[in-house]
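I have placed the structure first, in the form of structure tokens, so that the comments after it can refer back to it.
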Amino acid sequence: MYPEPAHRVPAQRAVEVHHPTPLPPAVVTPAPVVPVQPGAVPAVASVVLPDGRIVTGYAVDHTQPAPATTPPVLSRTAVNVALGGVGFLAVCGGLLLLTSFIAALTAFITQLIILAAVVFGGWIAVQIFGASSHSGGNTFHIRKAVIKRNHFRG
Numbered sequence: 152m153y154p155e156p157a158h159r160v161p162a163q164r165a166v167e168v169h170h171p172t173p174l175p176p177a178v179v180t181p182a183p184v185v186p187v188q189p190g191a192v193p194a195v196a197s198v199v200l201p202d203g204r205i206v207t208g209y210a211v212d213h214t215q216p217a218p219a220t221t222p223p224v225l226s227r228t229a230v231n232v233a234l235g236g237v238g239f240l241a242v243c244g245g246l247l248l249l250t251s252f253i254a255a256l257t258a259f260i261t262q263l264i265i266l267a268a269v270v271f272g273g274w275i276a277v278q279i280f281g282a283s284s285h286s287g288g289n290t291f292h293i294r295k296a297v298i299k300r301n302h303f304r305g
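Residue numbers 152 to 305, in my numbering, belong to the letters of the sequence shown in order.
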């Protein structure tokens, strides 16, 4: 084929090469040796495996976990809720008794008022309509009045 025109040929770029920089080696310091009391060194134990190999090492005593405390049969929250419910029921019962007492007192006072009205009304009726002799006072006889043409003739 035909060669590419000069204006279309991509320009050659300079290739940059990056070389990694090595890191300095880490300084490893051995762990400090803690002196151990002579009686505190654990005994060395050897175990023979089924295939005949022998494994030797220190016997490590397993720490026993603290005995688990058995939780109480009822939790504190359940006891508090139950006591709150008992107290609420006691208050509701007291309020029910209080409202019953107020209703009974209201009915009693109403009956006393009605009784007083009947007794006092009866006493007034006896005083007005009673057949008692008048020893003093004025007696008025009312006769039929005739009204003619807006003029009273009595």
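Positions of the beta carbon are idealized from the N, C-alpha and C atoms, including for glycine.
When the Cα atoms are used, what is the spatial distance from T261 to L225?
Residue 261 sits at position 110 when you count from the first residue of the sequence shown. Residue 225 sits at position 74 when you count from the first residue of the sequence shown. Roughly 53 Å separates the two Cα atoms.
Measure the C-alpha to C-alpha separation of V230 and P223 and round it to an integer number of angstroms. Mapped onto the sequence shown, residue 230 falls at position 79. Mapped onto the sequence shown, residue 223 falls at position 72. So the alpha carbons of these two residues sit roughly 11 Å apart.
Open item on the list: Helix, strand or coil, according to DSSP, for T257 in the structure here?
Closed with: Taking the sequence shown and counting its residues from 1, one reaches residue 257 at position 106. Helix at T257.
Run of the beta strand (DSSP E) containing G208, from where it starts to where it stops: Position 57 of the sequence shown, counted from the start, is the residue given in the question as residue 208. First-last of the beta strand (DSSP E) with G208: I205 to Y209.
When you compare only the Cα positions, how much space is there between H213 and V198? Within the sequence shown, numbered from 1, the residue matching residue 213 stands at position 62. Within the sequence shown, numbered from 1, the residue matching residue 198 stands at position 47. Cα-Cα distance, rounded: 17 Å.
| said: Quick check: what's the CA-CA separation for T172 versus R204? | reply: Within the sequence shown, residue 172 is the residue found at index 21, counting from 1. Within the sequence shown, residue 204 is the residue found at index 53, counting from 1. Using only the alpha carbons, I get a separation of about 47 Å.
Open item on the list: I'd like to confirm the pairing. Which residues does DSSP put opposite V199 in its beta bridges?
Closed with: For the purposes of this step, residue 199 is taken as the residue at position 48 of the sequence shown. Looking at the DSSP assignment, V199 forms a beta bridge with I205.
* With a cut-off of 8 Å on the beta carbons, I'd call A194 and G208 a contact; round off their distance for me. => On the sequence shown, residue 194 is found 43 positions in, with the first residue counted as 1. On the sequence shown, residue 208 is found 57 positions in, with the first residue counted as 1. With 8 Å as the limit, A194 and G208 do not qualify as a contact, their Cβ atoms being about 10 Å apart.
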